[in-house]
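Chains as they are written, first to last, in our numbering: chain A, 1 to 414; chain B, 415 to 828.
Virtual Cβ for every residue (Gly too), placed ideally from N, Cα, C.
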C-alpha cells in the first residue's frame, strides 16, 4: 500500500474529502460494502487476469462452517450484490457512491498498489435508465476534478460501444470482435504498423484493414466526429444508435458548460469490459503518458449474476485515487501547501499552568474550530517551541501572569 | 459486516465525521496503515484468542516471493510498525489517529462484526511521555462522545494498573497475578460468591481473600477513592505511584470541566492487555448492560517488538464505532433524523428542459453547497414527484415557462 507521512496524508485526505463532497452535492448516496465477500460472488464476473489478482481470505483456526471467502477487487461486484439484496429499501434510479479501498494481488510497483482507493459513482435503474444519467456521471466526475484545483485541467474522452459493435457487425467482422477491441485498446501505445501487423497475424481481412484504421483515427469535436461517422455510410442500426447517443450525451455536456473539457474519440473502448453504451476515460492532456486517471461507462445489466427477475441497467465511473495521488505528487500538480496540521500549540510554562492551558485550548476549539494541542514536555522552553513550530502555525505560551490575568498572547511562527 | 441502507449510512457517516473532526481539533494527526501486514508483524504481540481470530490472506495464484500475510485485527500493531518505520519523519510526542476497519474472524452475532470500524487516538513519546497525555486522550474521547449528542451521557471509569500490581506485590500474590486480573475483569458479570469460588478453586490464600474483595469494591469520586486507597496501609512504591497518578489524572480532568463525566473504579483493569499505568473504560450508565463503549490506557513500550534502540511509551484509546452504532440504533440514542439525503430534486418536464435544469442544479450547488439531483425518468410527472419526495426535501419543476423567463420555483414536500 501507499503509506504516507502525516503531512502527505493531509493532502490525500483533502482530495478524498473533495471527492466525497462533490459526489454528495450531485446527489449520490454513500454506501459501504464489506471488504470480504464469498468467493463465488466475487468470481462470478471475474475473468483470467482479475482472478489471478484476487486475495483469498482464510481463518487461522479454520471452522467447518466457513465459506470460501476473498477480498473484493472492485466496487462493482459488491454493488450488484447490494442492489439485489436491498432492492426494496432503495429508490430507483439509485444514485450511489462508494469510496474505499479495494485489494489486488499485483506485484507492487510505482503507482500500483495492492490496497488502492477507488472512488465510484453509479446510477442504477430498474428495468430502464434514461441516457441523461450518462451525462450526470460524467459531469459529476468533471466537477470533482475541477474541485481538486490541479495545475492542469482534465479532458474527458468519450465514445459509445454501440458504434464499434455496429461497425463490426456491418463489416462482417464478428469473429474478430475481441481482437478488434484489443487492438483499439492498445492503438495509442503502439505504432500503426504494429497494429496492422497484429491484425494480419490473426488473419484479419486485408480489404477491411484500412477502413478499420481510418475509423480508429476519428476523434475531436462532437459535430466534426458525428459528421465523419455518418459519412462512413454504415447503415447498421446499432451503429446509428451509438452515434445518436454519443451526439446527445456530448451535446448535453456542452450545454452544461463542459465544451472545453470533452472530446469524442473512437480509440476509447475500455478493454474487454462489460460496457454496452457510453464509455469514457479522463486524461490530463499535459501528462498524456500517465494514461487514464478516471474511467467508466454504461452497462446493460449490473446484477445479471444475482437476479433473474429484474434487469438493472447502470452507468458509472471511478477515480483511482491512490494512483491519481501518486501522479499528483510525482508531477507536483498541486500548489505546495506550506500548511501545518495544527493551528495552535498551547504551552504551559510549568505544571501549575496546565489546567488553564487546557481551558485556553478548549476556548480556541469551541470559538474557532481550530486544531489545537496542549504541549507538555520535560524539556526546556526552547525545545518545546521548536517542537511546536514543527506541528503548529502559532504558539501560545502560558505562564503565571496569563493565569492570573486570564489572558493569553498568540505568537506566529515564521 | 454491518451493511447499512443509504439512510442509516448517513447517520453512521455523521458519527464518523464527528469523531474525525473532534480528534483533529484536539491535534491528533490522521494516518492510514495497510489492512494487510506480514503475519509475523501481526502475530508478534497476539496471544491465544487474538491469533484464532486472525484472517490469513493468500493470493489465488501463489507466487514464490509472497510472504505470509494477514489482515490486521487492531490499529496498535500497525501503529507500532509505522512509528519505527517513519520515526525520522515524525515529531514526538506524536499525536496520531487511525479511523478504519479492522478484521476479526469472529462468529458473527449481534453487535459483533468481522469487519469493524475502530477509531483510535494515541500519543507516542520517544523514551518518555508526560502523564498529561493520559488526560489529553481521555478528554479528547469525552469531547467526542459529547459531540454525538446522544440522549444519555457517557461516564469514564478510570483506574491505574500500578495500583493493583503494587497491591499484588505487597500481598505476596505474584503467582496469582493473572488470576487476580481475570477475576477483577469478570467481577461485574458474576456474583461475589462466584468470584470467591473461583479464587478458592485456584488455591488463592484465604487470609487475603476478603482484603482483595474489599479492594475491588472501591470506586467513586476521586477524593474518596484516593483516601480509601491510602487507608489500606499499603507501603509498596508502585502502589503509591499508581494512586498518585490516578489522583493527578482525575484532578486535571476535573479542572478541565469533566467532573461529572469521570469516576475512579478499581474494577477496571482492561483484561490481560499490555497496559502499565492509566486504564479506562467508558460506559453509558443508563445502559450499563451493553458494557464498555470505549477503552484504552497507557503502555510502557509500544514498539518493543520492532525496535531495540528506542523505547516508545504511549497512551491511547479507541471507540469501537461499529458496535457503538449498533447500540445507538438498538437503543434509539439519537433523535430520529427526519432528514433526507438531498436538498433539491430538479425535475425537467420534458427533454427540452434538461440543459436548463442542469444549470439550475449547478447554481444551487455553487451558491448553497446543496446536494441536488436532476431527475430524468420515462414516467409521468406524478411518479417523478413521488420519487423526488423519497430522496429530497424540496422539488423544483422546470417547464417551458421557467426556461423562457430564467426563473424557478421551489416546492417543499410535506
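Check                                                                                                                                                               : Outcome
Answer with yes or no whether the minimum CB distance from residue 5/A to chain B is below 9 Å.                                                                     : yes
Please return the same chain residues whose Cβ sits closer than 6 Å to the Cβ of residue 759/B, not counting the five positions on each side in sequence.           : 787, 789, 802, 806 and 809
Can you give me the Cβ contacts of residue 370/A inside the same chain, cut-off strictly under 7 Å, excluding the 5 residues immediately before and after it?       : 343, 344 and 364
Return yes when the Cβ of residue 239/A is within less than 9 Å of the Cβ of residue 167/A, no when it is not.                                                      : yes
Just checking: is the beta-carbon of residue 443/B within a distance shorter than 9 Å of some beta-carbon in chain A?                                               : yes
List, in order along the chain, the chain A residues whose C-beta lies closer than 8 Å to that of residue 807/B?                                                    : Here the premise fails: no neighbours, minimum Cβ distance about 12 Å.
Under three-state DSSP, which class holds residue 597/B?                                                                                                            : helix
Could you pull out every residue in the same chain whose Cβ sits closer than 8 Å to the Cβ of residue 705/B, ignoring the five residues on either side in sequence? : 697
Under the criterion of a Cβ to heavy atom distance below 8 Å, does residue 256/A qualify as lining the ligand NAD?                                                  : Of the ligands one can find in the structure shown there are none, so the ligand NAD has no counterpart to examine.
Go ahead and pull the three-state DSSP assignment for residue 58/A.                                                                                                 : strand
So is residue 75/A in contact with chain B if we call contact Cβ pairs under 9 Å?                                                                                   : no
Compare the Cα-Cα distances from residue 179/A to each of 271/A, 215/A, 154/A and 241/A and report the closest residue.                                             : 271/A
Please state whether DSSP places residue 325/A in a helix, a strand or coil.                                                                                        : helix
Run through chain E and tell me which residues come within less than 8 Å of residue 450/B, C-beta to C-beta.                                                        : The structure shown contains no chain E; its protein chains are A and B.
So with Cβ pairs under 9 Å, would you call residue 257/A a contact of chain B?                                                                                      : yes
Taking 9 Å as the threshold (beta carbon to beta carbon), is residue 438/B in contact with chain A?                                                                 : yes
Starting from residue 515/B, trace the alpha helix (DSSP H) both ways and give me its first and last residue.                                                       : It is not in any alpha helix (DSSP H) - residue 515/B instead sits in the beta strand (DSSP E) that spans 508-517.
If you follow the alpha helix (DSSP H) that residue 589/B is in, where does it begin and where does it stop?                                                        : Unbroken run through residue 589/B: none, as it is neither H nor E.
Suppose you measure from the CA of residue 566/B to the CA of residue 104/A; what does that come to, to the nearest Å?                                              : 43 Å
Going by DSSP in three states, residue 693/B sits in which element: helix, strand or coil?                                                                          : strand
Please classify residue 629/B: is it buried, with 16 or more other beta-carbons within 10 angstroms of its beta-carbon, or exposed?                                 : buried
Report the three-state DSSP secondary structure of residue 2/A (helix, strand or coil).                                                                             : coil
DSSP state of residue 811/B, grouped into three classes?                                                                                                            : strand
With 9 Å set as the bound, which would you pick, yes or no: does the beta-carbon of residue 85/A sit closer than that to a beta-carbon of chain B?                  : yes
Under three-state DSSP, which class holds residue 231/A?                                                                                                            : coil
At a CB distance below 7 Å, what residues from the segment 373-394 of chain A approach chain B? Give them in sequence order.                                        : 373, 374, 376, 377, 378, 387, 390 and 391
Between the segment 117-129 of chain A and the segment 221-238 of chain A, can you find at least three pairs of beta-carbon atoms closer than 8 Å?                  : no
What does residue 427/B touch in chain A if you count any residue whose Cβ is under 7 Å from its own?                                                               : 30
When the distance is taken between beta carbons, is residue 176/A closer than 9 Å to residue 202/A?                                                                 : yes
At a CB distance below 9 Å, what residues from the segment 132-164 of chain A approach chain B? Give them in sequence order.                                        : 132, 133, 135, 136, 139 and 143
Taking 7 Å as the limit between beta carbons, can you name the residues of its chain near residue 324/A, skipping five residues before and five after?              : 293
Using a C-beta cutoff of 9 Å, does residue 369/A count as contacting chain B?                                                                                       : yes
Please report whether the beta-carbon of residue 72/A lies at a distance below 9 Å from any beta-carbon of chain B.                                                 : no
Check the C-beta distance from residue 245/A over to residue 129/A and give it rounded, since I have them as a contact under 8 Å.                                   : Residue 245/A to residue 129/A, Cβ: 13 Å. No contact.
Using the Cα positions of residue 743/B and residue 824/B, report the straight-line distance between them to the nearest angstrom.                                  : 33 Å
Judging by CA-CA distance, which residue of 207/A, 348/A, 92/A and 263/A is the nearest neighbour of residue 224/A?                                                 : 263/A
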